[in-house]
Every structure is written in C-alpha cells, then in structure tokens.
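Line order of the protein sequences matches chains A and B. The first sequence begins at 1 in my numbering and counts up one residue at a time. The second sequence begins at 1 in my numbering and counts up one residue at a time. Here a beta-carbon is modelled for each residue, glycine too, at the ideal position from N, C-alpha and C. One structure below.
2 protein chains.
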Amino acid sequence: MTDTARRRGRPSGRTGADLIAAAREVFLESGYAGTTMDAVAARAQISKASLYREHPSKDALFAAVVRSWADAGRDAMRPHLDRVVEGADTRADLITLAEIMRAGVLSRDVLNMRRLVTGEARRLPHVAASYLEESWERNIRALAETLRILDDQGRLAIPDPLTAADQLTWLVIGSPLNRLLLTDTDRIETPAAPVANAVDLFLSGYGPRA
Amino acid sequence: MTDTARRRGRPSGRTGADLIAAAREVFLESGYAGTTMDAVAARAQISKASLYREHPSKDALFAAVVRSWADAGRDAMRPHLDRVVEGADTRADLITLAEIMRAGVLSRDVLNMRRLVTGEARRLPHVAASYLEESWERNIRALAETLRILDDQGRLAIPDPLTAADQLTWLVIGSPLNRLLLTDTDRIETPAAPVANAVDLFLSGYGPRA
DNA sequence: CCTACCGATCGGTAGG
DNA sequence: CCTACCGATCGGTAGG
C-alpha cells in the first residue's frame with residue numbers, strides 16, 4: 001500500500017506492475033487453468049471489473065505476465081559472463097558459470113513459468129515465441145559471444161560459438177531440467193546435480209590446442 | 001464396427017484399447033483443458049455414460065492414456081541400439097542412432113504428449129513420474145548399457161555410462177526440443193537439426209584412447 | 001470502483 | 001431378470 005495510493009482517491013489495490021506481480025504469483029501457484037480472474041483480483045485487492053479494465057482477457061493478462069517475466073530475466077547472465085572473461089582459470093570459471101546457469105534454470109519459479117508457457121504454446125504461440133526469444137535465445141547468444149571472446153583470448157578453440165553455447169547449456173541443464181519438469185516441483189528440493197562432468201566433456205572438445 | 005460388435009447386443013463403439021486410442025487422439029489434438037469428455041465419447045462412438053463406466057473421471061482417463069503411451073514406447077530404441085553394437089563404424093553408427101533419437105523425440109505427437117504431461121505434472125505427479133520412468137529413464141538406461149558394451153569392445157572409453165548416455169542424449173536433442181516445445185508444433189515442419197556436431201563433441205571426450 | 005449477475009459450458013450422474 | 005447403453009439433466013463454476 002504505497003503513499004501515492006493513499007494520497008488521493010486512487011485505487012487502494014495494486015495496479016500496473018504490482019498487479020502483474022500479483023497475477024504472476026497466482027499463475028505460478030495454480031497453473032493456467034487453475035487460475036481464476038477472481039483469485040487474481042482478490043490477490044491484487046481490486047475488483048474483477050478493475051482487473052478487466054487493465055487486461056481485457058485472461059489470455060491478455062497471462063501475456064503481460066510472461067512479457068514482464070522475460071523483461072526481468074533479460075541479461076540476467078551478464079555479470080557472470082563478464083566474470084568468466086576476466087577470469088584466469090578457464091575450467092574453474094566455466095564450472096562456476098555452469099552452476100549459476102543450473103541454479104537459475106532449475107529454480108521453482110522458472111520451472112513453473114516454463115510449464116505454464118509450454119502448456120499454452122499451442123493456444124498462444126506468440127507468447128511462447130517471445131518467451132523463447134527473450135528468456136532463452138538471448139541468453140544463449142550472450143554465452144556464445146563470451147565463448148567467442150575466450151576463443152580470441154586463446155583460452156578455448158571454438159569454431160562455432162552458437163553451437164558450442166547450445167551444447168554447453170544442454171550438457172549442464174538438460175537432464176535435470178527434464179527430470180524436474182516431470183516432477184511436482186513444489187514438494188521437492190532441487191538436487192545439486194554435478195556440473196563438472198559436463199564442463200570436462202565440453203573442454204575435451206573445445207579446450208585450447210595444447 | 002467389428003463383427004463381434006454386431007453379433008450380439010454388445011457396444012457398437014470403441015472400448016478398451018480402442019477407447020484409449022480415441023482419447024489419446026483428442027488429448028493430443030486439443031490439450032488437457034481443451035478436451036471434453038463429450039468429445040472423447042463422440043470420437044469413440046460411445047455414450048458418455050459408457051465412457052464413465054470404463055474410466056471414472058477425466059483424470060483417470062488421462063492417466064490411462066499416458067500409461068498406454070509409455071507402454072507402447074517402451075524399448076522403442078532396442079533394435080537401433082542393437083544395430084550400433086553390431087556396427088563397424090562407431091562414429092557413423094552413433095550419428096545414425098542420434099538421428100533416430102532426434103526424429104523420435106521431436107515428432108509432433110511426442111512433443112504434444114510431453115506438453116500434456118508436464119502441464120499436468122503438479123496436479124497428477126504420479127502420472128508424470130511414471131511417464132518419466134517408462135518413457136525416458138528406461139531408454140536412457142538402455143542407451144547407457146549400449147555405451148557400456150561399446151566400452152567393453154574398446155570402441156569407446158566410458159567411465160560412467162549413465163552420465164555419458166545423458167550427455168549424448170541432451171547434446172543431440174536439447175536445443176531443438178526446447179525450441180519446439182516453445183513453438184506451435186502443429187504448424188511447422190520439424191527442422192533437420194544437424195547431429196554430427198553433437199556426436200563429435202561426445203567422441204572428443206569418450207572416443208577410444210588412440 | 002464494485003456488487004450482482006448473465007450466457008455458456010463443463011465433468012459427472014440420474015432415470016428408464 | 002440382467003447387461004449394456006442412451007437422452008436428458010444435474011450441480012457447480014468459468015469468463016465476462
């Protein structure tokens with residue numbers, strides 16, 4: 001309840017970004033079908049009519065939630081990629097980076113958002129497409145650019161950075177992501193899957209020419 | 001409309017495995033929420049009452065569909081794995097195997113079934129868990145066993161077959177699977193993603209000690 | 001801005 | 001009488 005909301009006769013409930021955040025909470029907790037517009041309105045402490053005034057349909061509200069989620073996650077890897085470029089021990093740097101990637105992708109909210117978007121991908125292809133681009137391809141390209149720099153530095157030998165970025169990513173997260181997507185993620189702890197094996201296989205193919 | 005159905009007062013519509021097949025079609029076409037029990041009954045040419053007599057609820061019907069799907073896909077890779085064991089050119093054999101894996105996992109029905117199961121994983125965790133085990137872990141273990149044999153034959157050097165099987169699998173299918181799950185798969189052709197890069201990275205780590 | 005309410009549709013079950 | 005099946009309709013809830 002912000003001061004601006006109190007100062008005039010403005011809405012006492014949450015609107016704008018706060019409304020999106022409330023809606024995101026409900027979608028992540030209950031899934032798409034399990035989310036009712038009543039529940040979102042209640043969570044945001046506004047009436048359903050006000051909710052529909054900001055977002056003309058449930059699909060539109062969902063699209064706004066996914067859009068804001070993708071915006072927030074944009075360039076999330078940037079500082080960690082920079083640290084690898086500035087690092088000295090390539091293997092150790094890549095393992096640290098891989099652990100951060102793994103922890104991010106396998107977190108509960110990220111898993112549930114993935115389930116949400118993939119589940120509606122056929123009905124809302126443009127929502128899924130923008131999620132893929134903003135939350136995924138963008139980060140892969142950033143990783144590829146980092147690998148290209150490591151190649152320039154002579155720390156790695158990467159003929160095709162984009163392919164290599166895809167390979168490192170899926171070596172690290174493929175198996176645990178698949179397992180967790182097919183598990184009730186709300187009940188379990190994220191297992192700390194080992195990441196060194198993946199990095200070592202990656203380095204066996206892309207390590208500097210000795 | 002079989003003869004046995006006509007001979008007596010037996011059901012003229014589809015029951016048993018045929019009913020499951022009809023339900024699978026509808027679920028794959030329309031998704032979970034988009035599937036109505038009326039549509040399933042209509043597809044199977046039986047009444048809803050008859051449908052409910054065989055499957056007490058929509059969730060139970062869905063569970064039966066997933067179970068039969070997993071059963072059908074069990075050991076689907078077996079003949080192709082055997083061919084690798086009997087082959088002569090390890091790299092060529094693995095590329096052929098990888099292409100078959102990719103084509104299988106990225107087919108339209110398999111993708112839609114994955115979306116279906118992951119989408120309901122929180123509501124029906126036991127359904128998702130059995131799908132994971134029967135349709136996935138089982139095939140990974142079979143691949144691991146094949147890699148272990150290749151190690152025995154001296155054609156590969158695999159310290160941990162299960163880890164290596166996971167790595168090969170995700171090198172091959174990770175990126176295109178992710179892309180296709182976030183795409184309206186009904187409208188597009190499956191792109192023939194190159195598989196040789198993945199196999200070569202795998203072999204750079206696990207190739208025979210020269 | 002909200003309460004009250006609608007037209008439509010769903011999963012599931014009754015009577016015959 | 002039974003089994004197998006259907007037309008009709010229920011209670012409850014969704015989006016709007």
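Would DSSP call residue i helix, strand or coil?
i             : result
residue 222/B : There is simply no residue 222/B to check, as chain B begins at 1 and stops at 210 in what is shown.
residue 135/B : helix
residue 77/A  : coil
residue 159/B : coil
residue 174/A : helix
residue 118/A : helix
residue 65/B  : helix
residue 194/B : coil
residue 55/A  : coil
residue 46/B  : coil
residue 107/A : coil
residue 16/B  : helix
residue 125/A : helix
residue 31/B  : helix
residue 88/A  : coil
residue 96/B  : helix
residue 184/B : coil
residue 146/A : helix
residue 207/B : coil
residue 3/B   : Here the model assigns residue 3/B a pLDDT of 40, short of 50, so the residue's position is not dependable and the matter cannot be decided.
Can you check whether the C-beta of residue i is within less than 8 angstroms of a C-beta belonging to chain A?
i             : result
residue 49/B  : no
residue 117/B : yes
residue 179/B : yes
residue 68/B  : no
residue 43/B  : no
residue 150/B : no
residue 156/B : no
residue 171/B : yes
residue 125/B : yes
Is residue i close to chain B? Criterion is C-beta to C-beta, closer than 8 angstroms.
i             : result
residue 59/A  : no
residue 121/A : yes
residue 146/A : no
residue 208/A : no
residue 56/A  : no
Pop quiz: residue i and residue j are said to be a contact at Cβ under 8 angstroms. What is the actual Cβ separation, rounded to whole angstroms?
i             : j             : result
residue 180/B : residue 106/B : 6 angstroms
residue 201/B : residue 171/B : 6 angstroms
residue 51/B  : residue 41/B  : 5 angstroms
For residue i, return the contacting residues in chain A, with the cut-off set at a CB-CB distance below 8 angstroms.
i             : result
residue 229/B : Residue 229/B falls outside the range modelled here, since chain B spans only 1 to 210, and no answer is possible.
residue 38/B  : What residue 38/B touches in chain A: nothing, since even the nearest Cβ is about 18 angstroms away.
residue 166/B : 174 and 175
For residue i, go through chain B and note every residue whose CB falls closer than 8 angstroms to its CB, in chain order.
i             : result
residue 129/A : 182 and 183
residue 33/A  : 32 and 33
residue 163/A : 197
Show which residues of chain B have a CB atom less than 7 angstroms away from the CB atom of residue i.
i             : result
residue 104/A : The contacting residues do not exist; residue 104/A stays about 15 angstroms from chain B at best.
residue 132/A : 179 and 182
Counting only Cβ pairs nearer than 9 angstroms, list the residues of chain B close to residue i.
i             : result
residue 205/A : 200, 201, 202, 203, 204 and 205
Name, please, each residue of chain A whose Cβ falls closer than 7 angstroms to the Cβ of residue i.
i             : result
residue 186/B : 122
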